[in-house]
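A.B. asks: Mind looking over this structure? Questions follow.
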Amino acid sequence: MSAWQLCFRIPAALRERAEAVLEEQLLPVPEPPVVASIACDGDRQWEIAVTFTKRPPAALLTSLQGALDYLLEEKAAEVALQPLPDRDWVSESQKLLAPVRAGRFFVHGAHDRHRRPHAGIALEIEAGQAFGTGQHATTRGCLLLLDQLLKRRPLPRRILDLGCGSGILALAAARATGRAVLASDIDPVAVRV
Numbered sequence: 089m090s091a092w093q094l095c096f097r098i099p100a101a102l103r104e105r106a107e108a109v110l111e112e113q114l115l116p117v118p119e120p121p122v123v124a125s126i127a128c129d130g131d132r133q134w135e136i137a138v139t140f141t142k143r144p145p146a147a148l149l150t151s152l153q154g155a156l157d158y159l160l161e162e163k164a165a166e167v168a169l170q171p172l173p174d175r176d177w178v179s180e181s182q183k184l185l186a187p188v189r190a191g192r193f194f195v196h197g198a199h200d201r202h203r204r205p206h207a208g209i210a211l212e213i214e215a216g217q218a219f220g221t222g223q224h225a226t227t228r229g230c231l232l233l234l235d236q237l238l239k240r241r242p243l244p245r246r247i248l249d250l251g252c253g254s255g256i257l258a259l260a261a262a263r264a265t266g267r268a269v270l271a272s273d274i275d276p277v278a279v280r281v
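When you read off a place in the sequence shown, starting at 1, and then add 88, the result is the number in the numbering used here.
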């Protein structure tokens, strides 16, 4: 299911009035859209984007067009509705994250594969919706602690990563020890990872 967005530009002097008109027009919508205003053209104009979770009815678009025409006291630019592509915004944003070094572990996404160090243990975790790319302080702290614990002898006989998220700690333990690790989570997204 794609979201839908309509965008239009208005003179800066009419921005607040246009936002008030939108609020009035969109109030009865069961799933209210997100409205964002962005200054453009040297602050002389504002672009207003209205994003709906579902395609809005044609009657609403006609009503919005009429309200904007009335506000501008002329025919406003046509209110054009465009579908937005489905995207996993979590993954998109996490592609921008830098790799994490924690002791002997180097956690990275595929886009940073070329940055893997020659020494240590590289763990490639694709960004996704499951918790655990090494960016969070607790995950990094657990990797540092695991690194310290694995310097002791004897190595643990059994290793459990309970609430594993992406499985980063389980992968780190398995790679560092060569032993089987049991990892479990109740989050269906994490289980698919």
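Beta carbons: idealized from backbone N, C-alpha and C, even for Gly.
At the level of alpha carbons, what is the spacing between Phe96 and Ala278?
C.D. replies: Looking at the two C-alpha atoms, the distance is approximately 40 Å.
A.B. asks: Helix, strand or coil: which one does DSSP assign to Leu270?
C.D. replies: strand
A.B. asks: Roughly how many angstroms separate the alpha carbons of Arg246 and Leu184, rounded to a whole number?
C.D. replies: 35 Å
A.B. asks: Kindly give me the distance between the Cβ atoms of Thr139 and Pro121, rounded to whole angstroms, as I take these residues to be in contact under 8 Å.
C.D. replies: 5 Å
A.B. asks: Would you identify the three-state DSSP class for Gln223, choosing helix, strand or coil?
C.D. replies: coil
A.B. asks: Could you tell me the alpha carbon to alpha carbon distance between Arg267 and Ala261, rounded to whole angstroms?
C.D. replies: 8 Å
A.B. asks: Between Ala168, Gly222 and Gly208, which has its C-alpha nearest Pro187's C-alpha?
C.D. replies: Gly222
A.B. asks: Would Arg143 and Ala190 be called neighbours here (beta carbons separated by less than 8 Å)?
C.D. replies: no
A.B. asks: Helix, strand or coil: which one does DSSP assign to Thr139?
C.D. replies: strand
A.B. asks: Check the C-beta distance from Ala210 over to His196 and give it rounded, since I have them as a contact under 8 Å.
C.D. replies: Indeed they touch by this definition, with Cβ atoms about 7 Å apart.
A.B. asks: Quick one: which unbroken beta strand (DSSP E) runs of 3-plus residues sit fully inside the segment 183-267? Chain order, please.
C.D. replies: 188-190, 193-196, 209-212 and 248-250
A.B. asks: Starting from the C-beta of Leu270, find all residues in its chain whose C-beta is less than 8 Å away, skip the five residues before and the five after it, and write them out in chain order.
C.D. replies: Closer than 8 Å at Cβ, skipping near neighbours: Arg246, Ile247, Leu248, Asp249 and Ala258.
A.B. asks: Using 10 angstroms around the beta-carbon of Leu233, count the other beta-carbons present and answer buried if the total reaches 16, otherwise exposed.
C.D. replies: Leu233 counts as exposed, since fewer than 16 other C-beta atoms from the protein chains shown sit within 10 angstroms of its C-beta.
A.B. asks: Work out the CA separation of Leu152 and Ala91 for me, nearest whole Å.
C.D. replies: 18 Å
A.B. asks: Check each candidate in Phe194, His199 and Ala198 and name the one with the smallest Cα separation from Ala207.
C.D. replies: Phe194
A.B. asks: Val117 and Leu94: beta carbons closer than 8 Å?
C.D. replies: no
A.B. asks: On the CB-based measure, 16 or more other CB atoms within 10 Å of its CB, does Ala286 come out buried or exposed?
C.D. replies: This structure gives no information on residue 286, because the portion of the chain shown stretches from 89 to 281.
A.B. asks: Who are the near neighbours of Arg192 in its chain, counting only those whose CB is closer than 6 Å to its CB and skipping five residues on each side?
C.D. replies: Gly208, Ile209 and Asp235
A.B. asks: Which two residues bound the contiguous beta strand (DSSP E) that contains Val123?
C.D. replies: Per DSSP, Val123 belongs to the beta strand (DSSP E) from Val122 to Cys128.
A.B. asks: On a Cα-Cα basis, can you pick out the residue from Val123, Arg263 and Ala264 that is closest to Thr141?
C.D. replies: Val123
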